[in-house]
Structure formats: structure tokens, C-alpha cells
């Protein structure tokens, strides 16, 4: 199963996670694949360390939605 | 259980997603990985994880 997951596109993995949300082992296996594709450069700080968490994080989320 | 910082970040992000009228589709804490996972957006555009120290990132 895990090898199949690693062959999935990100979109397929999200769909797989949706469908297996109540299957702990399947969910974890898919999440591990997603996390292996993380880019450390994208790491965001703990929001409450920011000067203005609401506007700064909202801008990040808006940009993410607009790019998709 | 998630850490306190993890919980604060998750509530904050869920609130902002709601402000943007974006549905939260999946919300899970993984006991082994110690991460909170949120999948959100009308078409599941967003998937993010929140680590134990309250930092977070898009996995997609």
C-alpha cells in the first residue's frame, strides 16, 4: 500500500486522505508521504510570534488560494 | 494530545479559513507523528500540518 501511495500525485493523496479519514493506518501512511514532500523553506512561524498574526497569516492563506 | 501551541495555531488557522469562507474538510491529530493535519478549501486546495512547536506549513 505504501509503495502505491508514493506513486500518487498530491491531488490523489488528498483524495485518499479524505476517503480514509477514519482509517488510522491508511491516513498515517498517506500523511507520511505528504510530509516527505515538504519543503523546509515553506515553514511558517508560530503565528503569535508575529507582530500582526491575523493580517500576516491571512495574506499567506489568500496567496495560497489564489495560486491554485 | 496536541501541545498548547499546536492547539492555538490550529484554532487560529481554522478561524482565518472561516473568515475566507473556506470549508475545513479534514481535521486530524496523528498520535504517532504528533502533527495536526488540516485539509481545507472548496476543492481541497490546501493541506497543512502544524508541528508541536506551533509552527506550520503547507504540505501541498
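Chains as they are written, first to last, in the working numbering: chain R, 1 to 68; chain Y, 101 to 160.
Yeah, the Cβ is synthetic: ideal placement off N, Cα and C, and Gly gets one too.
Owing to the predicted nature of the structure, the values given are computational and were not obtained by experimental measurement.
Beta-carbon spacing of residue i, residue j below 7 Å
i	j	result
residue 140/Y	residue 124/Y	yes
residue 28/R	residue 130/Y	yes
residue 38/R	residue 159/Y	yes
residue 13/R	residue 34/R	yes
residue 56/R	residue 50/R	yes
residue 152/Y	residue 103/Y	yes
residue 155/Y	residue 45/R	yes
residue 47/R	residue 40/R	no
Continuous beta strand (DSSP E) stretch holding residue i: start and end
i	result
residue 127/Y	124-130
Partner residues on chain R for residue i, Cβ-Cβ distance less than 7 Å
i	result
residue 109/Y	46, 47
residue 137/Y	31
residue 155/Y	43, 44, 45, 46
Partners in chain R for residue i, counting only beta-carbon separations shorter than 9 Å
i	result
residue 112/Y	47, 48, 53, 54, 57
Unbroken alpha helix (DSSP H) run spanning residue i, endpoints
i	result
residue 111/Y	104-119
residue 33/R	24-36
residue 149/Y	Here residue 149/Y belongs to no alpha helix (DSSP H); instead the beta strand (DSSP E) covers 146-150.
residue 61/R	53-67
residue 50/R	First-last for residue 50/R: undefined, no H or E at that position.
residue 143/Y	Where residue 143/Y is concerned, there is no enclosing alpha helix (DSSP H), given that its DSSP letter is neither H nor E.
residue 10/R	10-19
Chain-ordered chain Y contacts of residue i [CB-CB under 9 Å]
i	result
residue 5/R	In chain order: nothing, as chain Y lies at least about 14 Å away.
Expected contact under 8 Å - CB spacing of residue i and residue j to nearest Å
i	j	result
residue 16/R	residue 30/R	5 Å
residue 61/R	residue 117/Y	7 Å
Chain-ordered chain Y contacts of residue i [CB-CB under 8 Å]
i	result
residue 35/R	133, 135, 149, 159
So, do the segment 108-116 of chain Y and the segment 132-148 of chain Y have three or more beta carbon pairs nearer to each other than 8 Å?
yes
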